[in-house]
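S.K.: Residue numbers (my numbering), protein chains in the order written: chain F, 516 to 804; chain U, 135 to 394.
Heads up, the beta-carbon is just placed ideally off N, CA and C, and yes, glycines get one too.
Okay, handing you the structure first.
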Amino acid sequence: MDLLTLPFMQYALVAAVIIGLAAPSLGIYLVQRRLSLIGDGIGHVALTGVGVGLLTGNSPVLTAVLVATAGAVGVELIRERGRTSGDLALAMLFYGGIAGGVLLVGLSDGAGNSNLMQYLFGSLLTTSPEDLALIGGLGAAVLAAMLVFRPALFALCNDEEYARVSGLPVRTLNLLLAVTTAVTVTIAMRTVGLLLVSALMVVPVAAAQQVTRGFRSTMTLAMLIGVLAAVAGILLSAEVNTAPGATIVLLALAAFVATAVGGALARRFRRDRERPPAATEPPDVVLHV
Amino acid sequence: MSVVEVRHLAVGYDGREVLRDVSLSVAAGDVVAVLGANGSGKSTLIRTILGLVPLRRGEIDLFGVAQRRFRRWERIGYVPQRLGAGSGVPATVGEVVASGRLARRGVFRFPGSKDKAAVREALTAVGLLDRIGDPVTTLSGGQQQRTLIARALAGEPDLLVLDEPNAGVDAASQEAFAAALTRFAGAGGTILLVLHELGPLRPLIGRTVVVHDGRIAYQGAPPEPAGHHAEPGHEHVHPHADEAKPAICEWAPTDGTKAY
Chain F
516 MDLLTLPFMQ YALVAAVIIG LAAPSLGIYL VQRRLSLIGD GIGHVALTGV
566 GVGLLTGNSP VLTAVLVATA GAVGVELIRE RGRTSGDLAL AMLFYGGIAG
616 GVLLVGLSDG AGNSNLMQYL FGSLLTTSPE DLALIGGLGA AVLAAMLVFR
666 PALFALCNDE EYARVSGLPV RTLNLLLAVT TAVTVTIAMR TVGLLLVSAL
716 MVVPVAAAQQ VTRGFRSTMT LAMLIGVLAA VAGILLSAEV NTAPGATIVL
766 LALAAFVATA VGGALARRFR RDRERPPAAT EPPDVVLHV
Chain U
135 MSVVEVRHLA VGYDGREVLR DVSLSVAAGD VVAVLGANGS GKSTLIRTIL
185 GLVPLRRGEI DLFGVAQRRF RRWERIGYVP QRLGAGSGVP ATVGEVVASG
235 RLARRGVFRF PGSKDKAAVR EALTAVGLLD RIGDPVTTLS GGQQQRTLIA
285 RALAGEPDLL VLDEPNAGVD AASQEAFAAA LTRFAGAGGT ILLVLHELGP
335 LRPLIGRTVV VHDGRIAYQG APPEPAGHHA EPGHEHVHPH ADEAKPAICE
385 WAPTDGTKAY
């Protein structure tokens, strides 16, 4: 495939591998916490960061990391504090983020719709070697944090009160998740775009859990699905000239459909083969008439 | 030494006082049951002791250290009412129980052979070792409760704190549960638990504390069951809320007519 000899394709593929591994490794904690949509909101906020970068002539990836991190920490503080008002506060933060981004990108020099579109939906042509270094460094950091702290993050997301009584640094771990969410959103922005990045965090996890039994195996399979969808999506989009972000997400969704159907068939097959014994525990109450 | 010391505790949510002037002392080796009607504040009491609910007034010492400065959380094993809300993502019984080792191991160390052995031992104690690789969601309610006990036991605590461990649990699990707690207490462990009724745990309980309307209404030996309440296998089913209140006022350990 002569496409692979093109430097921009190589950059895009390396970035896809990093993001394909990092996004689900973080996403599994967000799914476990029922915060599947948080990545989407942080993506909205990151767009303001892109606008700031374009307007001030700095690297949009770098400014987006900073603004998204600030947004994510703000979200975490709102979440920690209350319940009822939090929902509305988040909505305002997210819509403020995307409106600010659209405004600032529009104000920057030589900007047009195409510039905005490549940040919102990803583009193959835009990953520069400098971006790649940043993506690689930050992606490796996210991945390392998610794997090293897995027992603690699992305990936190599974049962926050229990984690607190275990003396775990709950607040620090929550902030770690918030910051890594922001970082992951931003580094994935070049490949899948800000509006689709959340899908790459969540869909591989949803696909994996159709056929797995434990947390660890779900995480491993989700990362495998993530990296396969990302790489295949880049190659396919270059081949047939489709939007890379949308191609990657649709492939991940295809994996979900495959595992959901496969999992259901496997369960049915197992049930038919080894009819399990009836209730293993005696009933609580026996009625004598 | 006093394991838990509560002095003149007051707790409130949004302007409403849930607990008023509560004092309680649990010594090493004690098995104390906190009883009370729904909404009496009994769960709030133990949640405040654990630091999950902020206190308004009063003092709490854990193992002789003020709660705010207490850092040795591995000495406490907490068993909540039910499995956390977290979900969707599957987790095996072994993975959930392994969380119980974190307090002892710390966040930065990977689990070693000692941690794995403790997880297996704790699961053996509650009779669930054969389910170690199964997703917790495939377990019955009672088995999930036993998983949570195993999680607390895996940390090798000195004090177990349980919040209504028997709520909605099948008889077989209640027995397995009572056996695990009896073993823990027999080895010198201290237990503080919130209960709705004494049930099969009765022989284990050394002292009961009855919380009524935010205050401690009674402290002392558990009541002797009498009348039809004393029949073997009797499960006391409470009418809730309003009707429970007069029951507490009537109830006293000397009259021995009401089993709680």
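Are residue 543 of chain F and residue 583 of chain F close, meaning C-beta to C-beta below 8 Å?
M.R.: The answer is no: Cβ separation not under 8 Å.
S.K.: Return the bridge partner residues of residue 269 of chain U from the DSSP annotation.
M.R.: According to DSSP, which records beta bridges pairwise, residue 269 of chain U is partnered with U:226.
S.K.: Mind checking if residue 205 of chain U is an interface residue toward chain F, Cβ cutoff 8 Å exclusive?
M.R.: True, the Cβ-Cβ gap to chain F drops below 8 Å.
S.K.: Give me the DSSP bridge partner(s) of residue 341 of chain U.
M.R.: DSSP lists U:166 as partners of residue 341 of chain U.
S.K.: Under the rule that 16 or more other beta-carbon atoms within 10 Å means buried, what is residue 244 of chain U, buried or exposed?
M.R.: By the 10 Å Cβ count, residue 244 of chain U comes out exposed.
S.K.: In the DSSP assignment, the alpha helix (DSSP H) including residue 752 of chain F goes from what residue to what residue?
M.R.: Residue 752 of chain F -> alpha helix (DSSP H) spans 730-755.
S.K.: In the DSSP assignment, what are the bridge partners of residue 213 of chain U?
M.R.: DSSP, once it has assigned bridges, lists U:296 as partnering residue 213 of chain U.
S.K.: Rounded to whole angstroms, what's the CA-CA distance from residue 788 of chain F to residue 781 of chain F? Just pull it up for me.
M.R.: Using only the alpha carbons, I get a separation of about 11 Å.
S.K.: Among F:778, F:774, F:773, F:522, which residue has its Cα nearest to the Cα of residue 647 of chain F?
M.R.: Considering only alpha carbons, the answer is F:522.
S.K.: Whose Cβ in chain A lies nearer than 8 Å to the Cβ of residue 229 of chain U?
M.R.: Of the protein chains in this structure, namely F and U, none is chain A.
S.K.: Quick check on DSSP: helix, strand or coil for residue 695 of chain F?
M.R.: Of the three classes helix, strand and coil, the one that applies to residue 695 of chain F here is helix, per DSSP.
S.K.: In this structure, how does DSSP classify residue 758 of chain F when only helix, strand and coil are distinguished?
M.R.: Reduced to three states, the DSSP call for residue 758 of chain F is coil.
S.K.: Just by C-beta distance, which residues in the region 609-634 of chain F are closer than 9 Å to chain U?
M.R.: Against chain U - using a Cβ distance shorter than 9 Å - the region 609-634 of chain F contributes no residues.
S.K.: For the ligand MN, is there any heavy atom lying closer than 7 Å to the beta carbon of residue 593 of chain F?
M.R.: Ligands are entirely absent from the displayed structure, and the ligand MN is therefore not among its contents.
S.K.: Drop a sphere of 10 angstroms on the beta-carbon of residue 200 of chain U, count the other beta-carbons inside from all chains shown, and report buried for 16 or more, exposed for fewer.
M.R.: Residue 200 of chain U should be labelled exposed.
S.K.: Can you give the Cα-Cα distance for residue 262 of chain U and residue 636 of chain F, rounded to whole angstroms?
M.R.: Those two C-alpha atoms are separated by around 49 Å.
S.K.: Quick one: Cα of residue 240 of chain U to Cα of residue 569 of chain F, how far?
M.R.: Residue 240 of chain U and residue 569 of chain F: Cα-Cα distance of roughly 43 Å.
S.K.: Since residue 579 of chain F contacts residue 704 of chain F with CB under 8 Å, what's their CB separation in whole angstroms?
M.R.: With 8 Å as the limit, residue 579 of chain F and residue 704 of chain F qualify as a contact, their Cβ atoms being about 6 Å apart.
S.K.: Is residue 716 of chain F buried or exposed, if buried means 16 or more other CB atoms sit within 10 Å of its CB?
M.R.: Counting Cβ neighbours within 10 Å, residue 716 of chain F comes out buried, since at least 16 surround it.
S.K.: Would you please verify whether the beta carbon of residue 724 of chain F is less than 8 Å from any beta carbon of chain U?
M.R.: So, interface residue.
S.K.: Are any of the Cβ atoms in chain F nearer than 8 Å to that of residue 225 of chain U?
M.R.: So yes, residue 225 of chain U belongs to the interface.
S.K.: Measure from the C-beta of residue 676 of chain F to each C-beta in chain U and report whether the shortest distance is under 8 Å.
M.R.: Yes, residue 676 of chain F lies at the interface with chain U (some Cβ there is under 8 Å from its Cβ).
S.K.: Please return the same chain residues whose Cβ sits closer than 6 Å to the Cβ of residue 141 of chain U, not counting the five positions on each side in sequence.
M.R.: Cβ neighbours of residue 141 of chain U beyond the five flanking positions: 157, 192, 193.
S.K.: Which value, in whole angstroms, describes the spacing of the CA atoms of residue 182 of chain U and residue 680 of chain F?
M.R.: For residue 182 of chain U and residue 680 of chain F, the distance between alpha carbons rounds to 11 Å.
S.K.: List the residues of chain F whose Cβ lies closer than 9 Å to the Cβ of residue 166 of chain U, in chain order.
M.R.: Simply none; closest approach about 18 Å.
S.K.: How many angstroms separate the CA atom of residue 337 of chain U from the CA atom of residue 309 of chain U?
M.R.: Approximately 12 Å between the Cα atoms of the pair.
S.K.: Under 7 Å, CB to CB, which of the residues in the region 237-250 of chain U have a partner in chain F?
M.R.: Listed by position along the chain: 237, 241, 245.
S.K.: For the beta strand (DSSP E) that residue 309 of chain U lies in, which residues bound it at each end?
M.R.: It is not in any beta strand (DSSP E) - residue 309 of chain U instead sits in the alpha helix (DSSP H) that spans 305-320.
S.K.: Please determine if the region 534-548 of chain F and the region 728-745 of chain F are in contact, where contact requires at least 3 C-beta pairs separated by less than 8 Å.
M.R.: Result yes; three or more Cβ-Cβ pairs closer than 8 Å.
S.K.: Quick one, are the C-beta atoms of residue 312 of chain U and residue 284 of chain U less than 8 Å apart?
M.R.: Not closer than 8 Å, so no.
S.K.: Distance check for residue 554 of chain F and residue 525 of chain F, CA to CA, integer angstroms please.
M.R.: When rounded, the distance between both Cα atoms is 26 Å.
S.K.: Does the beta-carbon distance from residue 187 of chain U to residue 160 of chain U come in below 8 Å?
M.R.: No, the Cβ-Cβ distance between residue 187 of chain U and residue 160 of chain U is not below 8 Å.
S.K.: Work out the CA separation of residue 178 of chain U and residue 122 of chain U for me, nearest whole Å.
M.R.: This structure does not reach residue 122 of chain U, given that chain U is present from 135 up to 394, and the question cannot be answered.
S.K.: Would you call residue 540 of chain F buried or exposed, if buried means 16 or more other Cβ atoms sit within 10 Å of its Cβ?
M.R.: Residue 540 of chain F should be labelled buried.
S.K.: Is it true that the CB of residue 702 of chain F sits closer than 8 Å to the CB of residue 722 of chain F?
M.R.: Their beta carbons are not under 8 Å apart, which means residue 722 of chain F does not touch residue 702 of chain F by this criterion.
S.K.: Taking Cβ positions, are residue 289 of chain U and residue 254 of chain U nearer each other than 8 Å?
M.R.: No. Outside cutoff.
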